[in-house]
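Asks:
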Amino acid sequence: MQEEKRIPVIDLSAWTQRTPSAGGTTSSDDERRGVVELVGKACTSVGFFAITNHGVNSTRLESLWQSARDFFDLPAPVKLQSKTNNETEYPYGYEQSETLVVGKQLDQGVKSDSLLPPPDQKETFSLGPNNPLAGMPPRRFPSQPPELQEALEEYFQEMEHLATTLLEIFALALDLPQDWFQNKMTRHMSALRLLNYFATDKNASADDKTEIVRAGAHSDYGALTILKAGGPGLQVKWKDGEWVHVPFMEDSFVVNLGDLMQRWTNDKWVSTLHRVVVVPTSGADGGAQRRQSIAYFCNVNGDTPVETLPTCIDEDHPLKYPKVLAKDHLMAKHLASMRHGEPSEKADGHDEL
Ligand SMILES: O=C(O)CCC(=O)C(=O)O
Ligand SMILES: [Fe+2]
């Protein structure tokens with residue numbers, strides 16, 4: 001029987017609605033275990049899943065959504081005030097499409113090897129952790145719009161909370177104690193990124209063989225990513241090479257694993273290539289609307305020794321990777337993304353430090 005190419009949708013309510021104050025209902029152990037099993041299966045098969053009943057405060061999401069939109073609508077010179085002038089010192093802030101680093105085109109055969117892919121059709125704003133012990137520089141906020149700072153701070157907290165829950169589920173799915181990741185997150189190096197993909201007047205169906213790519217194929221670097229997308233367009237590369245659309249659902253988030261988690265699990269869990277393409281609107285102009293999204297890249301403490309999990313090694317799956325410090329892994333990925341044109345299995349022009 002042919003495998004069904006589908007990104008699983010997982011209802012997290014058994015994990016997110018279990019405090020006595022939330023109506024006095026506590027989920028049964030069976031329900032919670034059921035979620036663990038679904039998550040474990042998704043992480044092994046595709047490394048992507050969508051979540052519903054995630055417990056994220058919708059007011060906080062909406063205020064970040066709107067203030068991010070207002071920020072991207074500002075004139076370019078104002079946005080450029082938030083651009084870092086030293087990537088090594090401050091690897092966050094505003095990036096324009098043409099300044100985003102372009103790495104190796106992964107769709108071999110589509111473009112000649114000697115050509116770099118076109119830059120992603122997007123602009124971004126990134127923010128690091130709030131904790132000086134994380135070893136990252138203090139946060140810098142845009143001065144406009146005025147409500148953006150608070151919206152970023154609050155949404156970041158929502159994501160920290162959701163990531164903690166997901167990591168508890170991950171730990172159980174990996175046959176580890178539920179709190180196994182807890183002491184690896186106390187000084188985490190996670191980052192939040194606001195994304196704005198420009199509207200396009202090109203019709204993606206003009207040549208139905210070539211997709212118009214808004215963000216090139218890449219895998220994420222860290223432990224896991226929690227993505228809020230404002231529209232369809234995200235695709236993952238299935239094992240047979242086919243690009244499969246991630247279903248777009250209001251009120252849901254997409255969760256995917258990063259390269260660190262794949263390495264930690266001895267490749268038992270997968271960090272899958274993904275990209276964003278233009279999904280044409282049916283309007284007369286045949287173009288595509290602007291697309292907004294917010295990505296939270298969950299990274300563990302920089303000084304975490306990432307040593308293959310013993311539960312992922314057996315006779316059929318011998319140890320593959322030496323121990324690495326989480327921050328060295330992240331830095332190696334970061335540097336690889338900065339190198340133009342050098343083949344790297346999973347690099348693109350993507351950077352998420
Ligand atoms: O905008 C999206 O839907 C995906 C963004 C993404 O994959 C990333 O920034 O790593
Ligand atoms: Fe990504």
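Those letters in the sequence shown? Residues 1 to 353, by UniProt numbering. A virtual CB, placed ideally from N, CA and C, is assigned to each residue, including glycine.
1) Determine the DSSP secondary structure at residue 438, reduced to helix, strand or coil.
2) If I measure Cβ to Cβ from K333 and keep anything under 7 Å in the same chain, skipping five residues before and after, which residues do I get?
3) Can you tell me which of G55, M136, R60 and L176 puts its alpha carbon nearest to the alpha carbon of Y92?
4) Taking C-beta to C-beta, are L127 and L166 nearer than 8 Å?
5) Determine the extent of the alpha helix (DSSP H) in which W238 is found, giving its start and end residues.
6) Is any non-hydrogen atom of ligand 1 found closer than 7 Å to the C-beta of A229, if you look at the structure I gave you?
7) Would you identify the three-state DSSP class for F72, choosing helix, strand or coil?
8) For the region 322 to 337 and the region 293 to 303, state whether three or more C-beta atom pairs, one from each stretch, are separated by less than 8 Å.
9) For ligand 1, any of its heavy atoms closer than 7 Å to the Cβ of R69?
10) Please identify the residue among P318, E123 and Y90 whose C-alpha is closest to the C-alpha of P75.
11) Any heavy atom of ligand 1 within a distance shorter than 7 Å of the CB on R193?
12) According to DSSP, simplified to helix, strand and coil, what is N57?
13) On the three-state DSSP scale, how would you describe A42?
14) For I212, which residues does DSSP report across the bridge?
15) Assuming contact is defined by CB atoms lying nearer than 8 Å, are Q172 and L309 in contact in what I supplied?
16) For D251, which beta-bridge partners are listed by DSSP?
17) CB-CB under 6 Å to V110, same chain, minus the five flanking residues each way: which ones, in chain order?
18) Would the beta-carbon of S190 fall within 8 Å of that of P142?
19) Can you tell me whether D328 is helix, strand or coil according to DSSP?
20) Whole angstroms is fine: what's the gap from L335's alpha carbon to Y90's?
21) Leaving out five residues on either side along the sequence, give the residues of the same chain with a beta carbon under 7 Å from the beta carbon of Q235.
22) Quick check on the DSSP output: the beta strand (DSSP E) that includes D120 runs from which residue to which?
23) Looking at T186 and ligand 3, is the gap between the Cβ and the nearest heavy atom below 7 Å?
24) Thinking just about the alpha-carbon of each residue, which of L148, R187 and A151 is nearest to the one in T164?
25) Just reading off the alpha helix (DSSP H) that D259 is part of, what are its end residues?
26) DSSP on S82, reduced to helix/strand/coil?
27) Just to confirm the assignment, what range does the beta strand (DSSP E) spanning S13 have?
28) For V35 versus I10, is the C-beta distance shorter than 8 Å?
Replies: The short version:
1) This structure does not reach residue 438, given that the chain is present from 1 up to 353, and the question cannot be answered.
2) Position 333 of the sequence shown, counted from the start, is the residue given in the question as residue 333. Excluding sequence neighbours, K333 sits near Y221 and D259.
3) Counting from one through the sequence shown, the residue named residue 92 turns up at place 92. It is M136 whose Cα lies nearest to the Cα of Y92.
4) In the sequence shown, the residue the question calls residue 127 occupies position 127. In the sequence shown, the residue the question calls residue 166 occupies position 166. Contact flag unset, no.
5) Position 238 of the sequence shown, counted from the start, is the residue given in the question as residue 238. Counting along the chain, W238 falls outside any alpha helix (DSSP H), and DSSP gives it neither H nor E.
6) Here residue 229 is taken as the residue at index 229 of the sequence shown, counted from 1. Checking the Cβ of A229 against ligand 1 gives yes.
7) The residue you call residue 72 lines up with position 72 of the sequence shown. F72: helix per DSSP, three-state reduction.
8) yes
9) Residue mapping note: residue 69 aligns to position 69 of the sequence shown, counting from 1. Every heavy atom of ligand 1 is 7 Å or more from the Cβ of R69, so no.
10) Translated into positions along the sequence shown, residue 75 becomes position 75. Nearest option by C-alpha distance: E123.
11) Along the sequence shown, one-based indexing puts residue 193 at 193. Yes; taking the cut-off as 7 Å, the Cβ of R193 has a heavy atom of ligand 1 nearer than that.
12) Looking up residue 57 in the sequence shown gives position 57. Here N57 sits in coil by DSSP.
13) Numbered from its first residue, the sequence shown carries residue 42 at position 42. Three-state DSSP puts A42 in a helix.
14) Taking the first residue of the sequence shown as position 1, residue 212 is located at position 212. Note: I212 sits in no beta bridge, so no partner.
15) For the purposes of this step, residue 172 is taken as residue 172 along the sequence shown, with counting starting at 1. For the purposes of this step, residue 309 is taken as residue 309 along the sequence shown, with counting starting at 1. The amino acid at residue 172 is misidentified as Gln; the sequence shows Leu. Going by C-beta atoms, L172 is not nearer than 8 Å to L309.
16) For the purposes of this step, residue 251 is taken as the residue at position 251 of the sequence shown. D251 pairs with nothing; no bridge assigned.
17) In the sequence shown, counting from the first residue as 1, residue 110 sits at position 110. In this prediction, V110 has a pLDDT of 37, which is less than 50 and means its spatial position is unreliable; nothing more can be read from the coordinates.
18) Position 190 of the sequence shown, counting from 1, holds the residue named residue 190. Position 142 of the sequence shown, counting from 1, holds the residue named residue 142. No, they are not a contact pair.
19) Mapped onto the sequence shown, residue 328 falls at position 328. The answer is helix: DSSP assigns D328 an H, G or I state.
20) Locating residue 335 in the sequence shown gives position 335, where the first residue counts as 1. Locating residue 90 in the sequence shown gives position 90, where the first residue counts as 1. Straight-line Cα distance between these residues: approximately 14 Å.
21) Taking the first residue of the sequence shown as position 1, residue 235 is located at position 235. If we look at Q235 and ignore the five residues flanking it on each side, its Cβ neighbours are W243, V244, H245, V246, H274, R275 and V277.
22) Within the sequence shown, numbered from 1, the residue matching residue 120 stands at position 120. That residue, D120, is in no beta strand (DSSP E); it is neither H nor E in DSSP.
23) Only ligand 1 and ligand 2 can be found as ligands here, which leaves ligand 3 out of the picture.
24) Residue numbering aside, residue 164 sits at position 164 when the sequence shown is read from its first letter. Of the candidates L148, R187 and A151, the one whose C-alpha sits nearest the C-alpha of T164 is R187.
25) Along the sequence shown, one-based indexing puts residue 259 at 259. Run containing D259: D259 to W264, per the alpha helix (DSSP H) assignment.
26) Counted from its first residue, the sequence shown places residue 82 at position 82. Coil.
27) Counting from 1 along the sequence shown, the entry for residue 13 is found at position 13. Segment S13 to T16 is the alpha helix (DSSP H) holding S13; no beta strand (DSSP E) there.
28) Taking the first residue of the sequence shown as position 1, residue 35 is located at position 35. Taking the first residue of the sequence shown as position 1, residue 10 is located at position 10. Yes, the Cβ-Cβ distance between V35 and I10 is below 8 Å.
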